[in-house]
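Chemist:
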Amino acid sequence: MSILLDEGQQAIATESRRVLEARSDKGRLLGLLEQVGACDAVFRDTAVEQGWTALAIAEEHGGLGLGLIELGLVAQAAGGVIAGAPFLTVGYGAARVLAEAGSAEVQAAWLPRLASGEATATVAFAEGNAPLPPRPTTTFAGGRLTGVKEGVVAGLAADIAVVWATSAGEPALVLVELSAATRNPVDGFDNSRLYADLAFAEAPATLLAQGDAARALALDVLARMAVVTAHEQTGGAEAMLTIARDYAVTRKAFGQPIGAFQSVKHRIAELYGLVEIARANCIHAAALADAPGGAAGFLLAAADARISATEAYDTAARDCVQIHGGIGVTWEQGLHLHMRRARSLAIEQGNLLFWEDLLVDHLTGEVA
Amino acid sequence: MSDYEAFRARARTWLQSVAGEFGREARRGLDVEQDLALGRRYLAARFDAGFAGINWPTGMGGQGLTHIEKVIFDTEEMGFGMPTAYFGISLGMPVPILMRFCEDKAFVKERVLKALRGEEIWCQLFSEPAGGSDLAGLRTRAEVDGNGWKLNGQKVWTSWAQYCDYGVIVARTDPTVPKHKGLTYYWVDMKAPGVEVRPIKLAGGDSHVNEVFFDDVRLEDSQRMSPVGGGFAVAMATLMIERYVATDSGGFGPHLDLFVDLARDVEVNGRPAIEDGRVRSQIARNHAMRAGLESITTRAMLMMQAGMEPGPEGSLNKLVAVRSRQKLSELAIDLQGNAGLAFDPHASQKENWTASWLNAPTGRIAGGADEMLLNTIAERILGLPQDHRPDKGVPFNQIPA
Numbered sequence: 001m002s003i004l005l006d007e008g009q010q011a012i013a014t015e016s017r018r019v020l021e022a023r024s025d026k027g028r029l030l031g032l033l034e035q036v037g038a039c040d041a042v043f044r045d046t047a048v049e050q051g052w053t054a055l056a057i058a059e060e061h062g063g064l065g066l067g068l069i070e071l072g073l074v075a076q077a078a079g080g081v082i083a084g085a086p087f088l089t090v091g092y093g094a095a096r097v098l099a100e101a102g103s104a105e106v107q108a109a110w111l112p113r114l115a116s117g118e119a120t121a122t123v124a125f126a127e128g129n130a131p132l133p134p135r136p137t138t139t140f141a142g143g144r145l146t147g148v149k150e151g152v153v154a155g156l157a158a159d160i161a162v163v164w165a166t167s168a169g170e171p172a173l174v175l176v177e178l179s180a181a182t183r184n185p186v187d188g189f190d191n192s193r194l195y196a197d198l199a200f201a202e203a204p205a206t207l208l209a210q211g212d213a214a215r216a217l218a219l220d221v222l223a224r225m226a227v228v229t230a231h232e233q234t235g236g237a238e239a240m241l242t243i244a245r246d247y248a249v250t251r252k253a254f255g256q257p258i259g260a261f262q263s264v265k266h267r268i269a270e271l272y273g274l275v276e277i278a279r280a281n282c283i284h285a286a287a288l289a290d291a292p293g294g295a296a297g298f299l300l301a302a303a304d305a306r307i308s309a310t311e312a313y314d315t316a317a318r319d320c321v322q323i324h325g326g327i328g329v330t331w332e333q334g335l336h337l338h339m340r341r342a343r344s345l346a347i348e349q350g351n352l353l354f355w356e357d358l359l360v361d362h363l364t365g366e367v368a
Numbered sequence: 001m002s003d004y005e006a007f008r009a010r011a012r013t014w015l016q017s018v019a020g021e022f023g024r025e026a027r028r029g030l031d032v033e034q035d036l037a038l039g040r041r042y043l044a045a046r047f048d049a050g051f052a053g054i055n056w057p058t059g060m061g062g063q064g065l066t067h068i069e070k071v072i073f074d075t076e077e078m079g080f081g082m083p084t085a086y087f088g089i090s091l092g093m094p095v096p097i098l099m100r101f102c103e104d105k106a107f108v109k110e111r112v113l114k115a116l117r118g119e120e121i122w123c124q125l126f127s128e129p130a131g132g133s134d135l136a137g138l139r140t141r142a143e144v145d146g147n148g149w150k151l152n153g154q155k156v157w158t159s160w161a162q163y164c165d166y167g168v169i170v171a172r173t174d175p176t177v178p179k180h181k182g183l184t185y186y187w188v189d190m191k192a193p194g195v196e197v198r199p200i201k202l203a204g205g206d207s208h209v210n211e212v213f214f215d216d217v218r219l220e221d222s223q224r225m226s227p228v229g230g231g232f233a234v235a236m237a238t239l240m241i242e243r244y245v246a247t248d249s250g251g252f253g254p255h256l257d258l259f260v261d262l263a264r265d266v267e268v269n270g271r272p273a274i275e276d277g278r279v280r281s282q283i284a285r286n287h288a289m290r291a292g293l294e295s296i297t298t299r300a301m302l303m304m305q306a307g308m309e310p311g312p313e314g315s316l317n318k319l320v321a322v323r324s325r326q327k328l329s330e331l332a333i334d335l336q337g338n339a340g341l342a343f344d345p346h347a348s349q350k351e352n353w354t355a356s357w358l359n360a361p362t363g364r365i366a367g368g369a370d371e372m373l374l375n376t377i378a379e380r381i382l383g384l385p386q387d388h389r390p391d392k393g394v395p396f397n398q399i400p401a
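Sequence lines, in order, name chains A and B. Taking the working numbering, I'd label the letters of the first sequence as residues 1 to 368. Taking the working numbering, I'd label the letters of the second sequence as residues 1 to 401.
In structure tokens form, the structure reads like this:
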């Protein structure tokens, strides 16, 4: 199992970080918070230009044929600069479903366009507060989809969605073009994620998988997206750790840097522990996802990554603001951008409650 | 199969073949003296089987293999509950330091062979009532006495000193210079006249640590293992000697599986504990923490095998795992309600939640308190400022007591 990065992977990590740091702009991100429906166009263009949208799509479909490890490294860099990266995560998830369950015709129609960035895709699994409801109320019958999916990530911008629905009493994965849906923007605390409630009323749709096959594929894809998200969270947590550390060595109080006070110093050292544990779990999960015979342990590893990364980012954001004191809560300083992103990522691809339960179900053998 | 995997398989086969004689079940109900005697026999058997001193030179009775084989063996051995605790410090620090710094090679070889076979045990005499985390604050003094030295003072928290034949010790030889500069490193015969060992009973009821008193104990100059005044560097070398050792993400307490079993067996307010969200959340978070630590260790091993230097994140193990074990043990006792009030003082802290809980604080203090580890991470890894040290550069005898 390759949990040591090779040279190509190291290069992706370094280069994506360099490019994103050069092109990130706090003012632009702050501006996005105050509007609904706008995304970080600079990031989207960069993702397309750098080939990130093509990264994990097979070469035969116009992609680069790499995997979750490489995508994870880019996601970590994106998380570090709070980039509006929903396309990477849900785009990957949707492409994965199409590659696994789409007909040759569906694959030819969409995968090359997703790889080139000409089209974007999302995944709509959740209903209400359930990330992957056992019996979705959205229904598919006679080539038509009906129902509502709340808070779909990138739902305001995507061209297509892979939807978790019920078909003939069984769960199903369905492909739908969002031009046939009603999109209601969600005005939220992290607007650059482009959340939308998607309403389908007899929208023309294509069945991709049904029954046990659909259930297994949906869970695998949700876990893969969770691992990408965990990378993004780890990148964000690491950025918070670095920002807290840099502030603590420069800001002085009582005649010395505040980082010399153990109350501050130890708080930052604790963040280091959370970040490294999350990173280790991310690397392990990403390596397991594409390893031969790794499927059995992958769901557990994905849950480990998701749980530790969620804890790391929330804690790092919370503590970094605290260490900054008053300046840390100002709009201009922008630490709230990380605070917001830590919370939005904690919900996307299944909340902590979902992953904790899934992990324990696995430990006790209660998973079908 | 790689050489490492072949080595692991060979180690496991041998360990399984002797587990009945020396392992967890064989030790049940033994008192400390009996267990130690069993441990000595185990070490002799381990030596004869070719698994002693794995990464030590063959000329010293070792196997001449790498640190990786050593960690592989230790990791495999840990699962069998063999009686090795008495020899952990001895073979971990003092004996390797003796090999490196003592010049009388014939003497060294005899000691090393006896230590590897469990016939002799060494202790490490560092901590003092006035100098624990602040190692250089120690007050035990060695004064020139003819062509040797005269040792006076007290050490504390010395593991297994009551069973030890020899020890390594740091003493102050010059109180007129700053504290780090006036220390000298020696080995000491624990049976010499003037050495007195008094066991300390710990919270859990056991007495594996001791106070050790030195009253005009005679040291030959050949027992000195550092330049006069150069003892602190050797002490640091002792502490740094093996950065990556076999680790246990469970913090040397029970495995998480035992907690899951408990949660399935008991009820909380009429419902199975395993269905209680509070319990599930703790299981999940504990699992994620352990998995992270295990992944860090695996990655470090792979890096060493590839000839690379592992990252500093290996230092997180003890800090994170023991605290987590302490909290999980509390919850395990909670889950048992009134039935959790019973306590068996002979129970293993790796199998019994109460024993694990009662002994957990030791793990958070010994070998560097949590706060010292946090300081090390903050200062060495993250580059944060050092703590305020008012005694810096001040001659030891002018530091206000």
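All residues carry an ideal CB built from backbone N, CA and C; glycine is no exception.
CB-CB under 6 Å to Gly259(A), same chain, minus the five flanking residues each way: which ones, in chain order?
Modeler: As a working note, residue 259(A) is residue 259 in the first sequence. Ala248, Val249, Lys265, listed in sequence order.
Chemist: Quick one: what does DSSP say Ser159(B) is sitting in, helix, strand or coil?
Modeler: Counting from one through the second sequence, the residue named residue 159(B) turns up at place 159. Ser159(B) falls in the strand class under three-state DSSP.
Chemist: Relative to chain A, which residues along the segment 313 to 345 of chain B have a C-beta separation below 8 Å, given in chain order?
Modeler: Taking 8 Å as the Cβ-Cβ cut-off against chain A, the residues of the segment 313 to 345 of chain B that qualify are Glu313, Leu316, Leu319, Val320.
Chemist: For a contact defined as C-beta to C-beta under 9 Å, what are the partners of Met303(B) on chain A?
Modeler: Here residue 303(B) corresponds to residue number 303 of the second sequence, with the count starting at 1. Those are Leu4, listed as they occur along chain A.
Chemist: Can you find a CB in chain A that lies within less than 7 Å of the CB of Val95(B)?
Modeler: Here residue 95(B) corresponds to residue number 95 of the second sequence, with the count starting at 1. False, the Cβ-Cβ gap to chain A never drops below 7 Å.
Chemist: With a threshold of 6 Å (Cβ to nearest heavy atom), would Gly363(B) be considered close to the ligand FMN?
Modeler: No copy of the ligand FMN occurs in the structure displayed, which carries no ligand at all.
Chemist: What does the alpha-carbon distance come out to for the pair Thr376(B) and Ile268(A)?
Modeler: Counted from its first residue, the second sequence places residue 376(B) at position 376. Counted from its first residue, the first sequence places residue 268(A) at position 268. For Thr376(B) and Ile268(A), the distance between alpha carbons rounds to 12 Å.
Chemist: In whole angstroms, what is the alpha-carbon distance linking Ala286(A) and Asp357(A)?
Modeler: Taking the first residue of the first sequence as 1, we reach residue 286(A) at position 286. Taking the first residue of the first sequence as 1, we reach residue 357(A) at position 357. If I take the Cα positions, the gap works out to 21 Å.
Chemist: Using the Cβ count rule (16 or more neighbours within 10 Å means buried), how would you classify Ala368(A)?
Modeler: As a first step, residue 368(A) must be located in the first sequence, where it is residue number 368. Model confidence at Ala368(A) stands at a pLDDT of 48, short of 50, so the residue's coordinates are unreliable; what they give is reported in the following sentence. Flag for Ala368(A) reads exposed.
Chemist: Phe7(B) lies in the alpha helix (DSSP H); which residues open and close that run?
Modeler: On the second sequence, position 7 is the one that residue 7(B) refers to. Residues 3 to 22.
Chemist: Roughly how many angstroms separate the alpha carbons of Leu116(B) and Ile381(B), rounded to a whole number?
Modeler: Counted from its first residue, the second sequence places residue 116(B) at position 116. Counted from its first residue, the second sequence places residue 381(B) at position 381. Roughly 35 Å between the two C-alpha positions.
Chemist: I want to see whether chain B comes within less than 7 Å of Asp197(A), judged by CB atoms only; does it?
Modeler: Translated into positions along the first sequence, residue 197(A) becomes position 197. Not an interface residue.
Chemist: Cβ of Lys149(A) less than 7 Å from any chain B Cβ?
Modeler: To locate residue 149(A), count along the first sequence from 1; it is residue 149. It does not: the Cβ of Lys149(A) has no partner Cβ on chain B nearer than 7 Å.
Chemist: Mind checking who Thr166(A) pairs with in its DSSP beta bridge?
Modeler: As a working note, residue 166(A) is residue 166 in the first sequence. Thr166(A) is bridged to Thr139(A), Pro171(A).
Chemist: With DSSP run on the structure shown, which of helix, strand or coil describes Trp122(B)?
Modeler: Along the second sequence, one-based indexing puts residue 122(B) at 122. The answer is strand: DSSP assigns Trp122(B) an E or B state.
Chemist: Does the distance from the CB of Leu274(A) to the CB of Thr315(A) come in under 7 Å?
Modeler: Against the first sequence, residue 274(A) aligns to sequence position 274. Against the first sequence, residue 315(A) aligns to sequence position 315. In contact: Leu274(A) and Thr315(A) (Cβ atoms closer than 7 Å).
Chemist: Tell me whether the beta-carbon of Met225(A) lies closer than 7 Å to the beta-carbon of Thr89(A).
Modeler: As a first step, residue 225(A) is located in the first sequence; it is residue number 225 there, counting from the start. As a first step, residue 89(A) is located in the first sequence; it is residue number 89 there, counting from the start. Against a cut-off of 7 Å, the Cβ pair of Thr89(A) and Met225(A) comes out as a contact.
Chemist: When you compare only the Cα positions, how much space is there between Gly142(A) and Pro204(A)?
Modeler: As a working mapping, residue 142(A) is identified with position 142 in the first sequence. As a working mapping, residue 204(A) is identified with position 204 in the first sequence. Each residue's Cα considered, the two are about 9 Å apart.
Chemist: Comparing the C-beta of Asn351(A) with each C-beta of chain B, is any distance below 7 Å?
Modeler: For the purposes of this step, residue 351(A) is identified with residue 351 of the first sequence, where counting begins at 1. Judged by the 7 Å Cβ criterion, Asn351(A) is not in contact with chain B.
Chemist: Note down, in chain order, every chain B residue with its Cβ under 7 Å from the Cβ of Asp357(A).
Modeler: Within the first sequence, the letter at position 357 stands for residue 357(A). Near Asp357(A) (Cβ distances below 7 Å), the residues of chain B are Arg280.
Chemist: Specify whether the segment 160 to 180 of chain A and the segment 230 to 237 of chain A touch according to this definition: at least 3 beta carbon pairs, one from each stretch, less than 8 Å apart.
Modeler: Taking 8 Å as the limit for Cβ pairs, the verdict is that the segment 230 to 237 of chain A does not touch the segment 160 to 180 of chain A.
Chemist: Check the Cβ-Cβ distances between Gly293(A) and every residue of chain B, and say whether any is below 7 Å.
Modeler: Taking the first sequence and counting its residues from 1, the one referred to as residue 293(A) is at position 293. No, its Cβ sits nowhere closer than 7 Å to a Cβ of chain B.
Chemist: Counting only runs of 4+ residues fully inside the segment 196 to 250 of chain A, write out the alpha helix (DSSP H) ranges in chain order.
Modeler: Listed in chain order, the complete alpha helix (DSSP H) runs (minimum 4 residues) inside the segment 196 to 250 of chain A are 212 to 250.
Chemist: Give the DSSP-derived three-state secondary structure of Gln333(A) in the structure shown.
Modeler: Position 333 of the first sequence, counted from the start, is the residue given in the question as residue 333(A). Of the three classes helix, strand and coil, the one that applies to Gln333(A) here is coil, per DSSP.
Chemist: Span of the alpha helix (DSSP H) holding Trp187(B)?
Modeler: For this step, residue 187(B) is matched to residue 187 along the second sequence. Where Trp187(B) is concerned, there is no enclosing alpha helix (DSSP H), although the beta strand (DSSP E) it sits in stretches over 183 to 189.
Chemist: In three-state DSSP terms, what is Asn317(B)?
Modeler: Along the second sequence, read from residue 1 onward, the residue named residue 317(B) stands at position 317. Reduced to three states, the DSSP call for Asn317(B) is helix.
Chemist: At what residues does the beta strand (DSSP E) containing Val97(A) begin and finish?
Modeler: Taking the first sequence and counting its residues from 1, the one referred to as residue 97(A) is at position 97. Val97(A) -> not in any beta strand (DSSP E); alpha helix (DSSP H) instead, spanning 86 to 101.
Chemist: Using the DSSP secondary-structure output, state which residues sit across from Trp353(B) in a beta bridge.
Modeler: Reading the second sequence from its first residue, position 353 is the one you call residue 353(B). According to DSSP, Trp353(B) bridges with nothing at all.
Chemist: For Phe213(B), does the three-state DSSP call read helix, strand or coil?
Modeler: Locating residue 213(B) in the second sequence gives position 213, where the first residue counts as 1. Strand.
Chemist: On the criterion of 16 or more Cβ atoms from any shown chain inside 10 Å, does Glu210(A) qualify as buried, or is it exposed?
Modeler: Along the first sequence, read from residue 1 onward, the residue named residue 210(A) stands at position 210. Contrary to the premise, residue 210(A) reads as Gln rather than Glu in this sequence. Looking at its Cβ environment, which holds 16 or more other Cβ atoms inside 10 Å, Gln210(A) is buried.
Chemist: Can you round the beta-carbon distance between Gln63(B) and Gly50(B) to whole angstroms, since I take them to be within the 8 Å contact cut?
Modeler: Along the second sequence, read from residue 1 onward, the residue named residue 63(B) stands at position 63. Along the second sequence, read from residue 1 onward, the residue named residue 50(B) stands at position 50. Right, the Cβ-Cβ distance comes to about 6 Å (below 8 Å), so this counts as a contact.
Chemist: Answer with yes or no whether the minimum CB distance from Gly363(B) to chain A is below 7 Å.
Modeler: For this step, residue 363(B) is matched to residue 363 along the second sequence. It does not: the Cβ of Gly363(B) has no partner Cβ on chain A nearer than 7 Å.
Chemist: Mind listing the chain A neighbours of Ile381(B)? Cutoff is C-beta to C-beta under 7 Å, in chain order.
Modeler: As a first step, residue 381(B) is located in the second sequence; it is residue number 381 there, counting from the start. Those within 7 Å of Ile381(B) in chain A are Tyr272.
Chemist: Starting from Pro129(B), trace the alpha helix (DSSP H) in both directions and tell me its first and last residue.
Modeler: Looking up residue 129(B) in the second sequence gives position 129. It is not in any alpha helix (DSSP H) - Pro129(B) carries neither H nor E in the DSSP assignment.
Chemist: With 7 Å set as the bound, which would you pick, yes or no: does the beta-carbon of Lys252(A) sit closer than that to a beta-carbon of chain B?
Modeler: Here residue 252(A) refers to the residue found at position 252 of the first sequence. No, Lys252(A) lies away from the interface with chain B (no Cβ there is under 7 Å from its Cβ).
Chemist: Between Ser324(B), Val260(B), Asn286(B), Asp334(B), which has its C-alpha nearest Pro361(B)'s C-alpha?
Modeler: Start at 1 with the first residue of the second sequence, and residue 361(B) comes out as number 361. Considering only alpha carbons, the answer is Ser324(B).
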